[in-house]
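Following our numbering, the numbering of the sequence shown begins with 48 at its first residue and continues without gaps.
A virtual CB, placed ideally from N, CA and C, is assigned to each residue, including glycine.
To start, the structure under review is shown below, and the notes come after it.
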Amino acid sequence: MGEPTQENLPSTPPSPMIISPKTDSGLGHTYLRTPDRNKVYDRVNPNVGIFDEQVLALVFRRLNWDPQTLCSASCTSRRMRAVAERILFFELCLSRAPRLVSSLVVVPNGSQPSGVVGSSPRIPGGWGAVAKLLLFCCGCVPSKFFSLPDVTKGHFTPVSRFSKTSGKSFLVRRCWGDKLYVSDPCEHASPAGEDEDLGVYRGVFGGFMQSRTRACLIGKNVQLEVRIRCPYCGARVWSMTAAGLVPKSASRRLGTHEDSLEYFVCVNGHLHGSCWLARLSDEGSDGNSDHGDDDHAGDETVAW
Numbered sequence: 048m049g050e051p052t053q054e055n056l057p058s059t060p061p062s063p064m065i066i067s068p069k070t071d072s073g074l075g076h077t078y079l080r081t082p083d084r085n086k087v088y089d090r091v092n093p094n095v096g097i098f099d100e101q102v103l104a105l106v107f108r109r110l111n112w113d114p115q116t117l118c119s120a121s122c123t124s125r126r127m128r129a130v131a132e133r134i135l136f137f138e139l140c141l142s143r144a145p146r147l148v149s150s151l152v153v154v155p156n157g158s159q160p161s162g163v164v165g166s167s168p169r170i171p172g173g174w175g176a177v178a179k180l181l182l183f184c185c186g187c188v189p190s191k192f193f194s195l196p197d198v199t200k201g202h203f204t205p206v207s208r209f210s211k212t213s214g215k216s217f218l219v220r221r222c223w224g225d226k227l228y229v230s231d232p233c234e235h236a237s238p239a240g241e242d243e244d245l246g247v248y249r250g251v252f253g254g255f256m257q258s259r260t261r262a263c264l265i266g267k268n269v270q271l272e273v274r275i276r277c278p279y280c281g282a283r284v285w286s287m288t289a290a291g292l293v294p295k296s297a298s299r300r301l302g303t304h305e306d307s308l309e310y311f312v313c314v315n316g317h318l319h320g321s322c323w324l325a326r327l328s329d330e331g332s333d334g335n336s337d338h339g340d341d342d343h344a345g346d347e348t349v350a351w
C-alpha cells in the first residue's frame, strides 16, 4: 500500500479518550482511571449500590419501615434524602395507614395504591410531611386565640388513631363533602395554673386543592398567619378560628368548650390544633349529633 501520505490519512481525529491525560494504557487496552470511571457511570445511573431504590426498599421493608431509622438515613446525604422523599416515605405511609393513603391519592376503582418503586404518587407537601404527621405530635405554641403559659414540645407517638368521622366534625356543614382525617387528641399534662389538660390533634385533607374548605377560605379572603407555620411541611397556614369556620361539632367531639380550641390548616391541607380537655365530663358528648354519621369504616390506627 506504500507509505502513508497526507491524502490517505484518516479524516477524523483520534478518540478524545485515547489522547486524554486522564487515561492509562496497558496491553493494548485504553480505560478510564477508577475515579473518572465512577463519575461517568454515576452520570448514567446515579442510583447505584446502596443508593439503588430497589435495594433501599428491601432494606427498610426488612426493618418494617422503622421511622426513626428512615429519618436518620435520610439525613446522611442529599441523594438519600431525595430517594426517601420520592419513594421511602410513601412506602412508610402505605405500610402504616393504607386506607388513609388510598383516600389521599387518586386511585382508580377504589383499589389500593401499589408501592411500585420509582412511581409513588405525588401529594402536596410531600410524603415526608404525611409520614411525620402520622407519627409525630407537633406540640403547641401560644396563638392569638389560644393562650398558653409556655411552648409545649412535640414528640413521637407510639399509637395514633385517625378518623374520617372525627374529621367531619371539624368541617362546617357546607364543607361536609370534603375528606378530612383527624387524630384523637394527644393528652399533655396541665401547665401550671390550669385546671384542664392540654390536647393536641392533627389531621390531613384528601384532595385539598379541590376542597370546599379551601374555596371558602379563599372566597372569604382569609389572610394567612404571619408567625405560625405548618409544623409538618413548613407552609403558611390559615387560622380556622379567625376564618369563622370552626363548627360547634368540633368542641363536642373533643369534649371542650367552644372558646377553648383552635386549629390551623396549611396551604397543603395539613391540619394541627390544640384544645383544653376537661378531666371529668358532667355530661356525655356526641360529636356526630349534627350529621348522624357513625360510619367508622375509614378510621385508621397508626402504630410503630
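(request) Can you tell me which of the three DSSP states lysine 295 falls into? (result) Here lysine 295 sits in helix by DSSP.
(message) By the DSSP assignment, the beta strand (DSSP E) with glutamate 100 in it spans what residues?
(response) Where glutamate 100 is concerned, there is no enclosing beta strand (DSSP E), although the alpha helix (DSSP H) it sits in stretches over 100 to 109.
(message) Residues in the same chain with beta-carbon distance under 7 Å from alanine 325, minus the five sequence neighbours each way, listed in chain order, please.
(response) Glu243, Gly302 and Thr303
(message) Measuring straight from C-alpha to C-alpha, what distance separates glutamate 347 and valine 148?
(response) Approximately 10 Å, taken between the alpha carbons.
(message) Please tell me whether cysteine 222 and threonine 204 are closer than 9 Å, where the distance is taken between their beta carbons.
(response) no
(request) With hydrogens ignored, establish whether the beta-carbon of arginine 128 is closer than 8 Å to any heavy atom of the ligand NAD. (result) No copy of the ligand NAD occurs in the structure displayed, which carries no ligand at all.
(request) Return the CA-CA distance between glutamine 270 and leucine 110, expressed in angstroms with no decimal places. (result) 44 Å
(request) Would you kindly report the start and end of the unbroken alpha helix (DSSP H) that includes lysine 211? (result) 211 to 216
(message) Just to confirm, is the Cβ distance from leucine 318 to glycine 266 under 9 Å?
(response) no
(message) Among the candidates Val247, Tyr228, Val229 and Lys226, whose CA atom is the shortest distance from the CA of alanine 236?
(response) Residue Val247 is the option with its Cα nearest to alanine 236.
(request) Starting from the C-beta of valine 219, find all residues in its chain whose C-beta is less than 6 Å away, skip the five residues before and the five after it, and write them out in chain order. (result) Leu292 and Pro294
(message) Just to confirm the assignment: which complete alpha helix (DSSP H) runs, minimum length 4, are found wholly within the region 190 to 260?
(response) 211 to 216
(message) Residues in the same chain with beta-carbon distance under 6 Å from phenylalanine 192, minus the five sequence neighbours each way, listed in chain order, please.
(response) Thr288 and Glu309
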